[in-house]
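Numbering (our numbering), first residue to last: 25 to 173.
The following block contains the structure:
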């Protein structure tokens with residue numbers, strides 16, 4: 025069954041939004057795999073299942089993965105809200121695509137920089153670049169609805 029979304033901007037948003045959600049799942053899977061490899065479990069029952077309570081502990085590599093995932097949630101979830109609303113304000117497809125693409129690429133770079141501990145300021149630059157389209161969309165949404173407030 026094919027679903028046709030007639031709003032091209034919204035279709036573009038959905039494409040990048042789904043890619044971002046998949047990226048978040050990948051980071052979650054990586055976190056779980058690092059936990060297993062490093063035998064560093066967040067819950068005592070998991071540690072007992074995998075060797076004993078001595079594995080109920082923190083590990084710097086696991087924590088790095090968790091921070092990358094938490095940062096995704098703090099940034100991608102607002103983007104999904106803003107992007108959906110922004111898509112309804114009637115932006116040009118080219119401008120909207122640029123917003124979505126820049127955010128997506130910056131968040132991928134941010135995750136790579138986090139997981140591989142790339143030299144500073146790679147991660148913070150990626151974070152900042154991703155904030156630009158989010159801020160732009162928020163301002164454009166406010167301008168579109170200001171007349172009705």
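Backbone N, C-alpha and C fix where the C-beta goes; we use that ideal spot for every residue, glycine too.
This one's a predicted model, so the numbers in the text were calculated from it and none came from an experiment.
- With a 10 Å radius around the Cβ and a threshold of 16 neighbouring Cβ atoms, residue 92 comes out buried.
- Residue 158 and residue 102 do touch by the CB rule: their CB atoms are close to 7 Å apart, below 8 Å.
- For a cut-off of 8 Å, the C-beta gap from residue 54 to residue 139 is around 7 Å, short enough to register as a contact.
- Residue burial annotation: residue 145 is exposed, with fewer than 16 other C-beta atoms found within 10 angstroms of its C-beta.
- Beta bridge pairing from DSSP links residue 80 with 65.
- Taken atom to atom, the span from the alpha-carbon of residue 125 to that of residue 40 is near 7 Å.
- In this structure residue 131 is buried. Its beta-carbon is surrounded by 16 or more other beta-carbon atoms within 10 angstroms.
- Within the same chain, Cβ atoms closer than 7 Å to the Cβ of residue 75 are found at 63, the five residues on either side in sequence being excluded.
- Taking the Cβ atoms as the reference, residue 150 lies roughly 4 Å from residue 133, within the contact range of under 8 Å.
- DSSP places residue 137 inside the alpha helix (DSSP H), whose first and last residues are 117-139.
- Linking residue 135 to residue 163 through their CA atoms gives a straight-line distance of about 26 Å.
- Inter-residue distance for residue 77 and residue 68 is about 6 Å (C-alpha atoms, whole angstroms).
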